[in-house]
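Residues in the sequence shown are numbered consecutively from 2, following the working numbering.
Glycine included, each C-beta is placed from N, C-alpha and C at the ideal position.
Since the model is a prediction, treat every value here as computed from it, not as a measurement.
Below: one structure, written as structure tokens.
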Amino acid sequence: MFKTGIIDKPWPQCNRCYHRRFGNARICPSSEWNAIFRWVSVERRAVPPAPEIRVCATKATVIPVVAAVVSRGGDYLVCRRPQSKAHGGCWEFPGGKVAPGEADRDALKRELREELDVAVVRIGACRFKVREPATPYRIAFYDAVISGQPRVLEHSGIDWLSPDQLNNVTLAPADRRFVEECLLRRPEMASHFGKDF
2 MFKTGIIDKP WPQCNRCYHR RFGNARICPS SEWNAIFRWV SVERRAVPPA
52 PEIRVCATKA TVIPVVAAVV SRGGDYLVCR RPQSKAHGGC WEFPGGKVAP
102 GEADRDALKR ELREELDVAV VRIGACRFKV REPATPYRIA FYDAVISGQP
152 RVLEHSGIDW LSPDQLNNVT LAPADRRFVE ECLLRRPEMA SHFGKDF
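Right, here's the structure in full:
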């Protein structure tokens with residue numbers, strides 16, 4: 002409902018913010034424009050109610066991603082991202098997004114089958130989790146044993162690289178963190194399954 006009021010005589014009022022003048026002040030105390038007052042006459046004014054502002058507090062969206070750490074002879078399987086995708090041309094450990102309601106291990110098996118045409122025969126514990134900067138992606142790295150020869154299906158290339166070689170190529174940000182934290186600083190964590198399978 003509107004509130005109304007009848008004003009019998011005018012009062013000094015600011016040109017911009019419409020605050021009343023107090024005393025002999027010529028500058029509005031509530032206005033950053035320093036507007037000059039003028040005399041206005043208001044006979045009836047309808048004041049609408051203040052709008053209701055609803056603030057929805059929602060948690061930041063986190064998209065889970067899994068990556069497979071596959072090692073053979075001390076070298077690690079990495080794939081090169083296509084130029085058309087984010088971090089195009091960077092190398093990464095194979096994997097992908099976890100579908101809603103899907104377990105990490107099931108997602109890892111599905112992604113490696115789709116990307117490299119290989120079967121995952123064993124998955125270890127999660128070795129490392131990292132939030133990719135400026136994105137909603139949280140990437141979990143798992144040791145994995147695969148069966149079959151990897152083929153290029155979705156990437157622009159694949160290779161087997163040692164930790165020192167990985168340190169000298171352009172990696173995606175999250176993969177760089179994993180290499181630095183788990184393969185270079187702590188060599189004993191090179192693989193939970195051992196160097197050779």
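Inter-residue spacing [alpha-carbon to alpha-carbon] between residue i and residue j
| i | j | result |
| --- | --- | --- |
| ALA141 | VAL67 | 5 angstroms |
| LEU154 | LEU167 | 22 angstroms |
| ASP105 | ILE147 | 16 angstroms |
| VAL180 | CYS91 | 14 angstroms |
| ARG73 | GLY149 | 13 angstroms |
| THR171 | ASP165 | 12 angstroms |
| CYS80 | ILE159 | 4 angstroms |
| ASN169 | PRO101 | 35 angstroms |
| GLY201 | THR62 | Because the chain in this structure spans residues 2 to 198, residue 201 falls outside the shown range and cannot be described. |
| ARG186 | GLU103 | 32 angstroms |
| ALA173 | ARG82 | 9 angstroms |
| LEU113 | GLU182 | 24 angstroms |
| GLY89 | ASP107 | 26 angstroms |
| ALA126 | GLU93 | 19 angstroms |
Identity of the residue in the options nearest residue i by Cα
| i | options | result |
| --- | --- | --- |
| SER85 | SER157, ALA175 and PRO101 | SER157 |
| ILE124 | LEU185, PRO65, GLU181 and ALA69 | ALA69 |
| ALA87 | ARG178, ALA135, PRO151 and ASN169 | ALA135 |
| VAL122 | ARG111, ASP165 and ARG178 | ARG111 |
Beta-carbon separation (whole angstroms), residue i vs residue j, contact threshold 8 angstroms
| i | j | result |
| --- | --- | --- |
| ARG128 | TYR138 | That belief does not hold up - the Cβ atoms of ARG128 and TYR138 are roughly 17 angstroms apart, past 8 angstroms. |
| VAL131 | ARG178 | 5 angstroms |
Residue i vs residue j beta-carbon contact at 8 angstroms
| i | j | result |
| --- | --- | --- |
| ALA175 | GLU115 | no |
| LEU184 | ASP76 | no |
| PRO95 | LEU78 | yes |
| VAL71 | ALA145 | yes |
| ARG152 | LEU117 | yes |
Residue ranges of each beta strand (DSSP E) run of no fewer than 3 residues wholly in the stretch 52-104, ordered along the chain? Counting only runs of 3 or more, we get 64-70, 76-81 and 96-98.
At what residue ranges does the stretch 104-149 contain a whole run of the alpha helix (DSSP H), taking only runs of 4 or more? The stretch 104-149 contains these whole alpha helix (DSSP H) runs: 105-117.
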